[in-house]
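Those protein sequence lines, which keep their order, are chains R and U.
Mapped onto our numbering, the consecutive letters of the first sequence carry residue numbers 1 to 346.
Mapped onto our numbering, the consecutive letters of the second sequence carry residue numbers 347 to 692.
A virtual CB, placed ideally from N, CA and C, is assigned to each residue, including glycine.
Quick caveat, the model's predicted, so the values are computed rather than measured.
Okay, structure first, notes after.
Protein chains: 2
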Amino acid sequence: MHYKLAFIGFGNVARSLALLLERKRAALKEKYNITYSVTGISTGRHGFAVNPDGLDVQKAMDLKNITPLSTLDVKDSLDVIRHSQADVMFENSPVNTQTGQPALDHIRAALELGMHAITANKGPVVHGYRELTKLAESKGRKFRFESAVLGGAPVFSVFREAFPLAELSSIKGIFNATTNIILSRMENGESYENAVKFCQSIGVAETDPANDVDGWDAAIKVAALVTVLMDTPMTPQQVNPTGIRGITPEMIAKAKAEGKRYKLVCSAEKAEGKVNASVAPELVDSSSPLYGMMNSNTGVALRTDVILDYSITQSEREGMRGGPEETAYGLFADFVNAVKLDSNVS
Amino acid sequence: MHYKLAFIGFGNVARSLALLLERKRAALKEKYNITYSVTGISTGRHGFAVNPDGLDVQKAMDLKNITPLSTLDVKDSLDVIRHSQADVMFENSPVNTQTGQPALDHIRAALELGMHAITANKGPVVHGYRELTKLAESKGRKFRFESAVLGGAPVFSVFREAFPLAELSSIKGIFNATTNIILSRMENGESYENAVKFCQSIGVAETDPANDVDGWDAAIKVAALVTVLMDTPMTPQQVNPTGIRGITPEMIAKAKAEGKRYKLVCSAEKAEGKVNASVAPELVDSSSPLYGMMNSNTGVALRTDVILDYSITQSEREGMRGGPEETAYGLFADFVNAVKLDSNVS
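Structure follows, in structure tokens:
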């Protein structure tokens, strides 16, 4: 089976994906009998290219502007999707958590044209999960987004494949690395301000760390998990997060003396069809699966009717978590899992 | 799609599975359009029954001897398999870790007849994985065993579904609950002897605890994981385990004072096609994902070329871990995952 691929957005994650696909080319062929070519690329600032016979991806990565590679006249991402004749569209345009655009439109267009649509973007998950899933089903295609939450720690595919017909009653986790690093470093005596600076220096926090420290990044991840795994649409606003600015060194020292620690705990509980979700600092002790998640480690604990407590942790060296390579692997896994169903190979 | 099921072995796990199937009957129909009937049951001491039109499972659970339920003359498990006309065979006969029998013969027979074969038994995984997988493939059927290791914490399906084409280089975990409870209780000052007695009192350790405390239970689990996930046949003898009898209260107190603790660590490393596996007590500190696994908690950390460190933990109340309900759910998940491919529903 040969698959034509379109890359909408061609930043670090998409480029890592292109390299990973190349590295796994022989294995794809050997294990799944999958071959591929890239037939469309849309970049943010370096032009657009379509060639239904296949583009030279290495050249596209080297060029300042990729337009000369194109055999067709294309002017925007929707043009690329329409003319690429792709079977699979990877959506990696910039995230907009408020509206999910332009990713929503790209995914709609791809699914309408009968492509599988795969993204690492939380926006369209929170803003379009039900609509896009329904559209995908009606076309016999897949809308997949493994890397949208906990990039590098598969949770959507794990729940889908390892927990058939399980009823999820509780999600509890640490979803934001920046705040977890800050709290870990404060436990070792560093000031809040210096811990924030450290996070900025290793590239995990932005110049304005509000999105992390006020809990909004965690809240959109909670909203995405609830929307998908609990099949209950939820927005970050409904999660209404509390961040970590109120946690003082004194509070942390007192907790430590009692064998406890503060974590920015994300949680969602489903009971009688209703979901209560929150993001807030909580004291946890060593009996909690969250207690051992320090620094950039993140993870999630799931409680179901069939398996009581199952937790997934991603434990990595600082600064490496959620790197583009791991996010790219989530997209790659989504691709393999979507197309292996076409050829009915398990 | 209607599936006929045969139960070979009808102890606690198989009975839990029968109850779980009944509880999920409506959901199976609604989500996957799957219906089922039980057409064969083989018990250890209460007879055999086959009825290709369906047996009354509730009656089979209530009866002292199920032979009167049979519409055919059957005398042993192989007869039940042959005459049940089943599509799926659940193998739950007593475990023999030395030879894998009689489970191996049951699974061979079922696959030869074109059934999916599903077991929670480590024996046939260690002694027959390659042969049975090949046989299953040649018949277009599945040989599945999610509950054989870490029952209640899916690891085989997680690796199969969420890690396509990942190269696994390291497995590290705590696979034996009994020794973990003993070490946890010794850390709280209890003697080895009393900790063993406690484990016996809650039913997790046998009268002779040797299989657990000398590391053999952990070793066969390592062998099964290496055999399947690293595609390298391995026996428990090759793992050559060291148990926990050599760990003294003094050693544990000294470790605790240094912020460390002893764990019976299971590990396997693959490099250049060669696997080194071991089971032995090791000192771990709080940076290890194993540090927080106390009492009956078990788990495994996987390192791959695409996702660096991913760990799965099962954290439960004492005495509940690996109960028959959770083992049964692994068999149930194997069933759904095997047959959903028949109908090509994802």
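Helix, strand or coil: how does DSSP classify U/Asp-631 here?
strand
Helix or strand or just coil, what does DSSP make of U/Lys-609?
In the three-state reduction of the DSSP assignment, U/Lys-609 falls in the strand class, which pools E and B.
From the beta carbon of R/Val-306, is the nearest beta carbon of chain B less than 8 Å away?
Of the protein chains in this structure, namely R and U, none is chain B.
Which residues mark the beginning and the end of the beta strand (DSSP E) in which U/Glu-437 is found?
434-437
DSSP on U/Ala-360, reduced to helix/strand/coil?
helix
Kindly list, in the order they appear in chain R, the residues whose Cβ is closer than 8 Å to that of U/Gly-694.
With chain U running from 347 to 692 in the structure shown, residue 694 of chain U is simply not present.
Short of 7 Å Cβ to Cβ, which residues in the stretch 164-194 of chain R face chain U?
Pro-164, Leu-165
Does the distance from the CB of R/Glu-269 to the CB of R/Ser-169 come in under 8 Å?
In this structure, R/Ser-169 lies closer than 8 Å to R/Glu-269 by Cβ.
If I follow the unbroken beta strand (DSSP E) through U/His-462, where does it start and stop?
462-465
Taking only the alpha-carbon atoms, compute the straight-line gap between R/Leu-302 and R/Tyr-310 and give it to the nearest angstrom.
R/Leu-302 and R/Tyr-310: Cα-Cα distance of roughly 5 Å.
For U/Tyr-349 versus U/Ile-380, is the C-beta distance shorter than 8 Å?
Closer than 8 Å, so yes.
So which residues on chain U does R/Val-158 lean against when the C-beta distance must stay under 9 Å?
Pro-500, Ser-503, Val-504, Glu-507, Ala-508, Ile-658
I need the boundaries of the beta strand (DSSP E) containing U/Tyr-349, first residue and last residue.
348-354
Going by beta-carbon coordinates alone, are U/Ile-517 and U/Asn-526 separated by less than 8 Å?
No. Outside cutoff.
Going by DSSP, what residue range makes up the beta strand (DSSP E) through U/Phe-394?
394-396
Do R/Asn-176 and R/Ala-218 have their beta-carbon atoms positioned less than 8 Å apart in this structure?
yes
Going by CA-CA distance only, name the one from R/Asp-87, R/Tyr-329, R/Pro-154 that's closest to R/Ser-115.
The amino acid occupying residue 115 of chain R in the given sequence is Met; Ser does not appear at that position. The shortest C-alpha separation from R/Met-115 is found at R/Asp-87.
Any idea what DSSP makes of R/Tyr-310, helix, strand or coil?
R/Tyr-310: strand per DSSP, three-state reduction.
If we cut at 8 Å on Cβ distances, does U/Leu-648 have a partner in chain R?
Not one chain R Cβ lies under 8 Å of U/Leu-648.
According to the neighbour-count rule (16 or more other Cβ atoms, all chains shown, within 10 Å of its Cβ), is U/Thr-445 buried or exposed?
exposed
Kindly list, in the order they appear in chain R, the residues whose Cβ is closer than 8 Å to that of U/Glu-672.
Val-306, Ile-307, Leu-308
Just the C-alpha distance for R/Ala-110 and R/Leu-28, rounded to the nearest angstrom, thanks.
In this structure, the CA atom of R/Ala-110 is about 23 Å from the CA atom of R/Leu-28.
Which residues in the same chain have their Cβ closer than 8 Å to the Cβ of U/Val-685, if we skip the five residues on either side of it in sequence?
Met-347, Tyr-349, Tyr-378, Ile-380, Asp-433, Val-434, His-462
Give the DSSP-derived three-state secondary structure of U/Leu-514 in the structure shown.
strand
Closer than 8 Å, CB to CB, is U/Pro-448 near chain R or not?
no
Smallest Cα separation from R/Val-95: which of R/Arg-160, R/Glu-326, R/Val-336, R/Val-13?
Scanning R/Arg-160, R/Glu-326, R/Val-336, R/Val-13 for the CA closest to the CA of R/Val-95 turns up R/Val-13.
Answer with yes or no whether the minimum CB distance from R/Ala-205 to chain U is below 8 Å.
no
Would you call U/Thr-417 buried or exposed, if buried means 16 or more other Cβ atoms sit within 10 Å of its Cβ?
Of the other Cβ atoms in all chains shown, fewer than 16 fall within 10 Å of the Cβ of U/Thr-417; this residue is therefore exposed.
Buried or exposed: which applies to U/Ser-632, given that a residue is buried once 16 or more other Cβ atoms fall within 10 Å of its Cβ?
The C-beta of U/Ser-632 has fewer than 16 other C-beta atoms within 10 Å across all chains shown, which makes the residue exposed.
Start and end of the beta strand (DSSP E) containing R/Ile-41?
35-42
For R/Thr-347, which residues does DSSP report across the bridge?
There is simply no residue 347 of chain R to check, as chain R begins at 1 and stops at 346 in what is shown.
Looking at C-alpha atoms only, which residue of U/Asp-422, U/Glu-458, U/Arg-506 is the closest neighbour of U/Pro-448?
Closest by alpha carbon: U/Asp-422.
How about U/Ser-642: is its C-beta nearer than 8 Å to some C-beta of chain R?
no
So, R/Met-293 versus R/Ile-252, is the Cβ gap smaller than 8 Å?
Taking C-beta atoms as the reference points, R/Met-293 and R/Ile-252 fail to come closer than 8 Å.
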